[in-house]
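Count the sequence shown with the numbering used here and you get residues 893 to 1223, in order. One structure is given here, and the rest of the page talks about it.
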Amino acid sequence: MGISIYEIGANRDKLLNLGFRMEELEVLKDVLINYGKVNSSVLSSLGFSYKDVKRLQYLHDMITGKATIDTGDAEAVSKHFKRMYGENNRIGIGHLPLSKFNKVPRLAVIAGIPDGSYSIYNSSNDKEGIRMYPVIGLSDKKVMIQTRRKPILTYGSEKKLYYIKNKTNEKIYYTEDSKKINRELNESSRAEIGTVLEIKKLTEDKKVVVAVDKRYTRMVNRYMIIASFREPQFHLGLYKFVAFEGTMIYLYVEVMKESENVQYNRSTQRVYDFGFDKGQIQAKLEKTAKELYTYLKGVYCEFIPATMEYEPYYKKESNPMKEIAKKKVEF
């Protein structure tokens, strides 16, 4: 009896951190002093409910070592708090903060444009680093970007850059004047002729919309930060939480698909942040983790390193023009 009372005081902070209340510790002391033992018959005779009897017995088992918990193991902590609070207080998707957005901007980089009027659009031609252009449209062959960068063109120019590819030797030639592409060359089976880029229009806010051949662009990879009740196999970093009542929640970074719309399972997931820069992943994840942990009244937190690498650009099939682009921007 004496040892149990001593252990209550010696382990008070630990027991409080495990979810027991101070009044429960005091009640247990009184029961041990006055009755010498803790069992269901004694506790029931003192007017405690069935639920309170089980908690006091569990508390006694923890103090005497009959029951133990590994506080460094998420499963053990989860099991403990479910036993403590989980019967009537289970967290579901409806208890998590709502997703913060439905769409994420798409960005692209441009490379391989030859020296001339339109080479200003190469992403490497930026004093602050690699320029990423907002994408406002995609098709099978073109990427539509919007930018304030405007080329210096002569009056009456076609506002296009053409390419001529010699299929025999794979060499590529460029021109801004379609008149230089004669009919014989245009009809030749040995030549592939197309448009590298075209300035489509000037917007009301003085930006230009440019259609660029996909082979001269790379879509920038994006990631989003997701909270879920299911642990993903692949991620770019993950926090494992246990909420106050024992539910396990996973907050992790996932690579987005190329679509502008955010795609996720609304019945099991929430989306709280997004980004493009690999160097910001950890900071964004930590910020969101702190907010969510506080919101859930967390009792356990564990970080799990990424199980996959984050690539800065979407991988596409190889082709000669893309190889040109790779030389200008390190994709």
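Here a beta-carbon is modelled for each residue, glycine too, at the ideal position from N, C-alpha and C. Only a predicted model underlies this, so the values are computations on that prediction, with no experimental measurement involved.
If distances are taken between C-alpha atoms only, which option among GLU1096, ARG1107 and ARG982 comes closest to THR1087? In the sequence shown, the residue the question calls residue 1087 occupies position 195. Residue ARG1107 is the option with its Cα nearest to THR1087.
Sequence-distant residues of its chain with Cβ nearer than 6 Å to VAL1147 (five each side left out): For the purposes of this step, residue 1147 is taken as residue 255 along the sequence shown, with counting starting at 1. Excluding positions up to five away in sequence, the list reads TYR1115.
What is the residue span of the beta strand (DSSP E) that GLN1038 lies within? As a first step, residue 1038 must be located in the sequence shown, where it is residue number 146. Where GLN1038 is concerned, the enclosing beta strand (DSSP E) stretches over 1034 to 1039.
Examine the Cβ distances between the segment 1156 to 1167 and the segment 999 to 1016 and report whether three or more of them are shorter than 8 Å. no
Can you tell me where the alpha helix (DSSP H) holding TYR1055 begins and where it ends? Counting from 1 along the sequence shown, the entry for residue 1055 is found at position 163. Unbroken run through TYR1055 is the beta strand (DSSP E), 1052 to 1058; no alpha helix (DSSP H).
Once you ignore the five residues that flank ASN903 on each side, which residues in its own chain have a CB closer than 7 Å to its CB? On the sequence shown, position 11 is the one that residue 903 refers to. Once the five neighbours on either side are set aside, the close Cβ partners of ASN903 are ILE955.
Taking 7 Å as the cut-off, decide whether the C-beta atoms of PHE1133 and TYR1185 are in contact. Locating residue 1133 in the sequence shown gives position 241, where the first residue counts as 1. Locating residue 1185 in the sequence shown gives position 293, where the first residue counts as 1. Yes, Cβ-Cβ distance for PHE1133 and TYR1185 is below 7 Å.
Enumerate in chain order the residues of its own chain whose CB-to-CB distance from GLY1138 is below 6 Å, with the five nearest sequence positions on each side excluded. Counting from 1 along the sequence shown, the entry for residue 1138 is found at position 246. Around GLY1138: SER970, PHE973, LYS974 and GLY978.
Cutting at 6 Å between CB atoms, please list the residues of its own chain near MET976, excluding the five before and the five after it. The count along the sequence shown starts at 1 and reaches residue 976 at position 84. Result list for MET976: GLY911, in chain order.
Can you list, in chain order, the residues of its chain with a C-beta nearer than 7 Å to that of THR1180? Leave out the 5 residues immediately preceding and following it. Numbered from its first residue, the sequence shown carries residue 1180 at position 288. Cβ neighbours of THR1180 beyond the five flanking positions: ILE1117, LEU1143, TYR1164 and ASP1165.
Which class does PHE1133 belong to by DSSP, given the choice of helix, strand or coil? As a working mapping, residue 1133 is identified with position 241 in the sequence shown. Reduced to three states, the DSSP call for PHE1133 is strand.
Report the partner residues of TYR1065 according to the DSSP bridge assignment. To locate residue 1065, count along the sequence shown from 1; it is residue 173. Bridge partners of TYR1065: ILE1056.
Spell out a yes or no on whether the segment 1038 to 1050 and the segment 950 to 965 are touching, meaning 3 or more CB-CB pairs, one atom from each, closer than 8 Å. no
Considering only residues of the same chain and omitting the five flanking positions on each side of ILE1156, which have a CB-CB separation below 7 Å? Reading the sequence shown from its first residue, position 264 is the one you call residue 1156. The sequence given here has Tyr at residue 1156, not Ile. Cβ within range, chain order: ILE1118 and VAL1163.
Assign SER1070 to one of two classes, buried (16 or more other C-beta atoms within 10 Å of its C-beta) or exposed (fewer than that). One-based indexing of the sequence shown puts residue 1070 at position 178. With fewer than 16 Cβ atoms within 10 Å of its Cβ, SER1070 is classed as exposed.
For LYS1170 and PRO1204, which I take to be in contact (beta-carbon distance under 8 Å), what is that distance rounded to the nearest angstrom? Against the sequence shown, residue 1170 aligns to sequence position 278. Against the sequence shown, residue 1204 aligns to sequence position 312. Between PRO1204 and LYS1170 the Cβ distance is about 7 Å, and since that is below 8 Å, they are a contact.
Is it true that the CB of ILE900 sits closer than 7 Å to the CB of LYS921? Here residue 921 refers to the residue found at position 29 when the sequence shown is read from its first residue. Here residue 900 refers to the residue found at position 8 when the sequence shown is read from its first residue. A contact, by the Cβ cut-off of 7 Å.
So does the segment 1054 to 1064 actually touch the segment 1011 to 1019, counting three or more Cβ pairs closer than 8 Å? no
Spatial distance of GLU1209 from ARG1110 (CA atoms): Here residue 1209 refers to the residue found at position 317 of the sequence shown. Here residue 1110 refers to the residue found at position 218 of the sequence shown. Model confidence at GLU1209 stands at a pLDDT of 49, short of 50, so the residue's coordinates are unreliable; what they give is reported in the following sentence. So the two alpha carbons sit approximately 11 Å from each other.
Beta-carbon contacts of PHE993 that lie in its chain and below 8 Å, excluding the five residues immediately before and after: Translated into positions along the sequence shown, residue 993 becomes position 101. The residues are VAL1154, VAL1163 and PHE1166.
Please identify the residue among VAL1102, GLY1129, SER1081 and LYS906 whose C-alpha is closest to the C-alpha of ARG1041. Along the sequence shown, one-based indexing puts residue 1041 at 149. If we check each option's Cα against that of ARG1041, VAL1102 comes out closest.
Under 8 Å by Cβ, that's how I've got ILE1091 and ILE1073 pegged, so tell me the actual separation to the nearest angstrom. As a first step, residue 1091 is located in the sequence shown; it is residue number 199 there, counting from the start. As a first step, residue 1073 is located in the sequence shown; it is residue number 181 there, counting from the start. Rounded, the Cβ-Cβ distance is 19 Å, inconsistent with contact.
Compare the Cα-Cα distances from VAL1104 to each of GLU1194, ARG982 and LYS1034 and report the closest residue. Along the sequence shown, read from residue 1 onward, the residue named residue 1104 stands at position 212. Closest option to VAL1104, Cα to Cα, is LYS1034.
Rounded separation between PHE1121 and VAL1191 - CA only: On the sequence shown, residue 1121 is found 229 positions in, with the first residue counted as 1. On the sequence shown, residue 1191 is found 299 positions in, with the first residue counted as 1. Cα to Cα, PHE1121 sits roughly 16 Å from VAL1191.
Who are the near neighbours of ASP1032 in its chain, counting only those whose CB is closer than 6 Å to its CB and skipping five residues on each side? For the purposes of this step, residue 1032 is taken as residue 140 along the sequence shown, with counting starting at 1. Contacts found: none.
Please name the residue, chosen from LEU1188, VAL996 and ASP944, that lies closest to GLU915 on a Cα-to-Cα basis. What you label residue 915 is simply residue 23 of the sequence shown in a count that begins at 1. Measuring from the Cα of GLU915, the nearest candidate turns out to be ASP944.
Can you tell me whether ARG982 is buried or exposed, with buried defined as 16 or more other CB within 10 angstroms of its CB? Mapped onto the sequence shown, residue 982 falls at position 90. ARG982 is exposed by the Cβ-count criterion.
Under 7 Å, do VAL934 and TYR927 count as touching if we go by C-beta distance? Position 42 of the sequence shown holds residue 934. Position 35 of the sequence shown holds residue 927. Taking 7 Å as the Cβ cut-off, VAL934 and TYR927 qualify as a contacting pair.
Whole angstroms is fine: what's the gap from ILE1012's alpha carbon to LEU990's? Within the sequence shown, residue 1012 is the residue found at index 120, counting from 1. Within the sequence shown, residue 990 is the residue found at index 98, counting from 1. Their Cα atoms are separated by approximately 42 Å.
Can you tell me the Cα-Cα spacing of ILE1028 and MET1036, whole angstroms? Taking the first residue of the sequence shown as 1, we reach residue 1028 at position 136. Taking the first residue of the sequence shown as 1, we reach residue 1036 at position 144. Taking the straight line joining both Cα atoms gives about 6 Å.
Return the bridge partner residues of VAL1104 from the DSSP annotation. Within the sequence shown, residue 1104 is the residue found at index 212, counting from 1. For VAL1104, which the question treats as bridged, DSSP gives the partners VAL1035 and LEU1089.
Would you identify the three-state DSSP class for LYS1149, choosing helix, strand or coil? As a position in the sequence shown, residue 1149 is number 257, starting the count at 1. LYS1149: coil per DSSP, three-state reduction.
How many Å lie between ILE1196 and GLN1174 at the Cα? Position 304 of the sequence shown holds residue 1196. Position 282 of the sequence shown holds residue 1174. Answer to the nearest angstrom: the Cα atoms are 12 Å apart.
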